[in-house]
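> Respectively, the protein sequence lines represent chains S and H. Per the working numbering, the first sequence starts with residue 78, numbered consecutively. Per the working numbering, the second sequence starts with residue 78, numbered consecutively.
Protein chains: 2
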Amino acid sequence: MKLSESEENYIKSIYNLQEKTEKVNTNSLANFLNTSPASITDMLKKLKIKKLLEYKKYYGFRLNEAGNNEALKIIRRHRLWEYFLVTKLGMEWEKVHDIAEELEHVSSPDLINKLDIYLGKPKIDPHGDPIPDEKGKIIELKQKALKNWPLKRNAIVSSVSNQTPEMMEMLNHYGIAIGSQIKILKAFEFDGSLQIKIARNPDCIISGQAAKNIFVYDN
Amino acid sequence: MKLSESEENYIKSIYNLQEKTEKVNTNSLANFLNTSPASITDMLKKLKIKKLLEYKKYYGFRLNEAGNNEALKIIRRHRLWEYFLVTKLGMEWEKVHDIAEELEHVSSPDLINKLDIYLGKPKIDPHGDPIPDEKGKIIELKQKALKNWPLKRNAIVSSVSNQTPEMMEMLNHYGIAIGSQIKILKAFEFDGSLQIKIARNPDCIISGQAAKNIFVYDN
DNA sequence: AAATAAATTTAGACAAATCTAAAAAATAAT
DNA sequence: ATTATTTTTTAGATTTGTCTAAATTTATTT
Ligand SMILES: [Mn+2]
Ligand SMILES: [Mn+2]
Ligand SMILES: [Mn+2]
Ligand SMILES: [Mn+2]
Numbered sequence: 078m079k080l081s082e083s084e085e086n087y088i089k090s091i092y093n094l095q096e097k098t099e100k101v102n103t104n105s106l107a108n109f110l111n112t113s114p115a116s117i118t119d120m121l122k123k124l125k126i127k128k129l130l131e132y133k134k135y136y137g138f139r140l141n142e143a144g145n146n147e148a149l150k151i152i153r154r155h156r157l158w159e160y161f162l163v164t165k166l167g168m169e170w171e172k173v174h175d176i177a178e179e180l181e182h183v184s185s186p187d188l189i190n191k192l193d194i195y196l197g198k199p200k201i202d203p204h205g206d207p208i209p210d211e212k213g214k215i216i217e218l219k220q221k222a223l224k225n226w227p228l229k230r231n232a233i234v235s236s237v238s239n240q241t242p243e244m245m246e247m248l249n250h251y252g253i254a255i256g257s258q259i260k261i262l263k264a265f266e267f268d269g270s271l272q273i274k275i276a277r278n279p280d281c282i283i284s285g286q287a288a289k290n291i292f293v294y295d296n
Numbered sequence: 078m079k080l081s082e083s084e085e086n087y088i089k090s091i092y093n094l095q096e097k098t099e100k101v102n103t104n105s106l107a108n109f110l111n112t113s114p115a116s117i118t119d120m121l122k123k124l125k126i127k128k129l130l131e132y133k134k135y136y137g138f139r140l141n142e143a144g145n146n147e148a149l150k151i152i153r154r155h156r157l158w159e160y161f162l163v164t165k166l167g168m169e170w171e172k173v174h175d176i177a178e179e180l181e182h183v184s185s186p187d188l189i190n191k192l193d194i195y196l197g198k199p200k201i202d203p204h205g206d207p208i209p210d211e212k213g214k215i216i217e218l219k220q221k222a223l224k225n226w227p228l229k230r231n232a233i234v235s236s237v238s239n240q241t242p243e244m245m246e247m248l249n250h251y252g253i254a255i256g257s258q259i260k261i262l263k264a265f266e267f268d269g270s271l272q273i274k275i276a277r278n279p280d281c282i283i284s285g286q287a288a289k290n291i292f293v294y295d296n
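1. Quick one: what's Gln272/H bridged to in DSSP?
2. Closer than 7 Å by beta-carbon distance: list the chain H residues that pair up with Ser185/S, in chain order.
3. Quick one, what's near ligand 3 if you take every residue whose CB is closer than 6 Å to any heavy atom, in chain order?
4. Let me check one thing: in DSSP terms, what residues is Glu131/H bridge-paired to?
5. Around the Cβ of Phe267/H, are there at least 16 other Cβ atoms within 10 angstroms (buried) or fewer (exposed)?
6. Identify the contact partners of Leu121/S in chain H, using a Cβ-Cβ distance below 9 Å as the criterion.
7. Would you kindly check if the distance between the Cβ of Ile151/H and the Cβ of Ile88/H is under 8 Å?
8. Ligand 4 and Asp175/H: does any heavy atom of the ligand fall closer than 7 Å to the residue's C-beta?
9. List the residues of chain H whose Cβ lies closer than 7 Å to the Cβ of Met168/S, in chain order.
10. Does DSSP put Pro207/S in a helix, a strand or coil?
11. Give me the Cα-Cα distance between His182/H and Lys229/H, rounded to the nearest whole angstrom.
12. For a test of the three-state rule: what should DSSP assign to Lys172/H, helix, strand or coil?
13. Which residues share a DSSP beta bridge with Ile255/S?
14. Assuming Leu366/S and Ile176/H make a contact with CB atoms under 8 Å, what is their CB distance in whole Å?
15. Let me make sure I understand the geometry here. Which of Ile117/H, Leu124/H and Ala222/H has the alpha-carbon closest to that of Gln286/H?
16. In chain order, what residues of the same chain have a beta carbon less than 7 Å from the beta carbon of Asn231/H, not counting five sequence neighbours either side?
17. Run through the DSSP bridge pairs and tell me what Tyr294/S is partnered with.
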């Protein structure tokens with residue numbers, strides 16, 4: 078299936094949004110992509126004609142099997158490039174997303190499989206997100222949001238679901254990165270904020286908001 | 078200067094064509110880009126408005142200083158990616174052009190400079206063409222077309238100006254690659270064909286056509 | 001110097017991707 | 001059950017890049 082850059086961006090965004098909600102709605106996708114709701118409706122029609130989408134007017138939408146497969150291919154390219162930019166070119170993980178957003182649209186399968194081999198078939202991208210393999214398979218992570226992690230149990234930071242520059246700035250400030258050792262010392266019921274210890278740094282407090290977006294796994 | 082993918086392709090093509098002729102004409106660019114002459118005229122107007130082109134209606138055109146600088150940036154990206162694809166991903170040099178044709182449009186300067194450093198600031202791409210540096214400077218090659226090379230003088234194949242799949246197929250057949258040792262044993266005036274010796278292979282004959290497109294330099 | 005041929009540009013159309021403003025449908029509030 | 005609000009879709013434009021066919025300009029022949 079030959080897709081335009083725009084179609085690919087829409088598909089990938091729908092994939093991301095449908096992870097969190099059953100049906101994706103027009104406004105949230107418009108908001109996510111910074112376009113007007115009218116543009117979304119236009120594109121939904123195209124994607125439905127291409128049989129990539131389940132879409133009933135006014136009642137939300139969702140990628141079908143074929144759509145999901147396309148999304149996984151794009152995500153694979155995106156995350157492999159991010160991995161390349163960080164591990165080979167030495168770019169910072171906060172800065173690679175926008176470049177990968179462009180590189181992901183170069184769609185030669187030969188290129189991507191050779192890149193994959195060259196990188197050593199990595200399973201996780203620099204933000205802790207899983208990289209689909211050539212068949213679209215993603216590894217199952219036994220990670221949890223930090224806010225659901227038990228008190229005083231060691232954890233490793235595995236990913237961050239909110240990858241805005243603002244989030245990255247804050248994580249840098251705290252010295253939190255993928256792979257950091259982390260432990261919750263105290264949880265405040267009032268606002269969900271957490272007193273945590275990161276590696277050998279002094280204790281600090283992070284907001285409930287942040288705690289929802291930081292994912293960790295055992296030891 | 079922010080340029081569309083299409084504008085970039087036109088600029089790069091004009092740059093290539095103006096190497097060979099004083100003024101570039103509409104039809105040759107249309108032919109080169111596989112578009113209609115009318116499309117060329119449309120784009121020329123845009124590039125003139127953007128002050129990248131010297132263009133007098135009906136009398137041909139040429140990039141100006143600004144246009145040449147843009148072209149060199151695009152060519153730098155294209156050739157660095159080709160170099161990457163061959164030296165890092167192990168792709169064959171006949172196959173990298175089309176992929177680089179897409180990658181060249183990802184225009185983050187930070188990306189390209191880091192890629193350049195990562196590759197060791199190469200000066201020549203896999204087809205023997207020079208790679209512009211960050212300032213747009215290209216090394217001067219003292220190479221000549223094989224058809225102009227003296228008889229029985231050793232030479233190294235440095236580049237191939239015609240990079241069609243057909244040409245590549247033929248070069249592979251003869252065992253000619255960038256870096257090959259080559260010597261002309263006899264030149265046939267009638268059709269410009271050459272009897273040559275490549276490395277330690279048996280003698281062979283190549284056409285005048287081929288001899289125009291293979292470039293070599295001293296030992 | 002006309003007439004003919006070739007090259008180039010213009011005119012007008014179309015597809016893709018976007019927008020704003022208005023209409024329609026679904027949802028929530030009285 | 002109406003009314004009001006929110007969400008979504010449609011209608012109609014716009015921009016970019018392309019096309020074909022016709023008109024114009026330049027170059028080449030007689
Ligand atoms: Mn993208
Ligand atoms: Mn990522
Ligand atoms: Mn290109
Ligand atoms: Mn090349």
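Each residue gets a CB set at the ideal place from its N, CA and C atoms; glycine is no exception.
So, to answer that:
1. As a first step, residue 272/H is located in the second sequence; it is residue number 195 there, counting from the start. According to DSSP, which records beta bridges pairwise, Gln272/H is partnered with Lys263/H and Ile282/H.
2. Taking the first residue of the first sequence as position 1, residue 185/S is located at position 108. Ile176, listed in chain order.
3. Asn86/H, Glu178/H, Glu181/H and His182/H
4. Position 54 of the second sequence, counting from 1, holds the residue named residue 131/H. Arg139/H, per the DSSP bridge assignment.
5. Start at 1 with the first residue of the second sequence, and residue 267/H comes out as number 190. By the neighbour-count rule (16 or more Cβ atoms within 10 Å), Phe267/H is not buried but exposed.
6. Within the first sequence, the letter at position 44 stands for residue 121/S. Within chain H, no residue comes near Leu121/S; the closest Cβ sits about 25 Å away, beyond 9 Å.
7. Stepping through the second sequence from its first residue, residue 88/H is reached at position 11. Stepping through the second sequence from its first residue, residue 151/H is reached at position 74. A contact, by the Cβ cut-off of 8 Å.
8. Locating residue 175/H in the second sequence gives position 98, counting from the first residue. No, ligand 4 has no heavy atom inside 7 Å of this Cβ.
9. The residue labelled residue 168/S in the question sits at position 91 within the first sequence. Neighbours of Met168/S on chain H, chain order: Lys191.
10. Locating residue 207/S in the first sequence gives position 130, where the first residue counts as 1. Strand.
11. What you label residue 182/H is simply residue 105 of the second sequence in a count that begins at 1. What you label residue 229/H is simply residue 152 of the second sequence in a count that begins at 1. Computed Cα separation, rounded: 43 Å.
12. Reading the second sequence from its first residue, position 95 is the one you call residue 172/H. It is coil, neither helix nor strand.
13. What you label residue 255/S is simply residue 178 of the first sequence in a count that begins at 1. Paired residues: none, contrary to the question.
14. This structure gives no information on residue 366/S, because the portion of chain S shown stretches from 78 to 296.
15. As a working note, residue 286/H is residue 209 in the second sequence. It is Ala222/H.
16. Locating residue 231/H in the second sequence gives position 154, counting from the first residue. The residues are Gln258, Lys260 and Asn296.
17. In the first sequence, residue 294/S corresponds to position 217, counting from 1. DSSP output for Tyr294/S lists Ile233/S as bridge partner(s).
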